[in-house]
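Residue numbers (UniProt numbering): 1 to 198.
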């Protein structure tokens, strides 16, 4: 049986090896890895967690990442109705992905996507912004909680590159000859998005 002292010594040696690698070498290696592997790498050590979650690395990785993930909604679900929770994601290798789809509930309707984030509408009082890669989501209060005739097609989702903010715009029909469009602006914490990037 290995003593605690031997385990501690081995752990210090492993930490030392990781810390001795040049950061530019680690960066080049990480740039070549897909997001699903990077999510596992954040658990290796604190140094890798900090490096991978750094907003500058996230932005640079997103810019060079392949853009071929596909979100597919089957023609029929088990219940005979279409729900976003029945969605299937295909990754860059065109194989069915194991990304975290549980963030999409049976009452969610897709009303927009931007930079890999989905904007989901529910009939309840929230708009959900979901990151399918990490499985994380953010709930935003609707601007008007109980609006008669509210529908997911009245919402738009986008990113403003200058302010680095995501915006959800809600178009309201005010029974006149014009539409008003109040919007909600928000920035994510780094666990979902930082500086406008995943």
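Built from N, CA and C at the ideal position, the CB exists for glycine as well.
Worksheet entry | Collapsed DSSP secondary structure at residue 140 in the structure displayed | It is a strand residue.
Worksheet item: What did DSSP end up calling residue 113 once you bin it into helix, strand or coil?
Response: strand
Discussion item. 7 Å is my cut-off, CB to CB: does residue 24 come that close to chain C?
Written reply: Considering every chain present, this structure includes no chain C. It has just one protein chain.
Discussion item. Using DSSP's beta-bridge definition, name the partner residues of residue 128.
Written reply: 120, 139
Worksheet item: If you drop the 5 nearest sequence neighbours on each side, which residues of the same chain put their C-beta closer than 6 Å to that of residue 117?
Response: 129, 131
Item to complete: To the nearest angstrom, report how far apart residue 50 and residue 42 are at their CA atoms.
Response: C-alpha separation (whole angstroms): 8 Å.
Discussion item. Are the CB atoms of residue 139 and residue 122 within a distance shorter than 7 Å?
Written reply: no
Worksheet item: Is the beta carbon of residue 112 less than 7 Å from the beta carbon of residue 154?
Response: no
Item to complete: Find the nearest neighbour of residue 124 within the set 114, 115, 105, judged by alpha-carbon distance.
Response: 105
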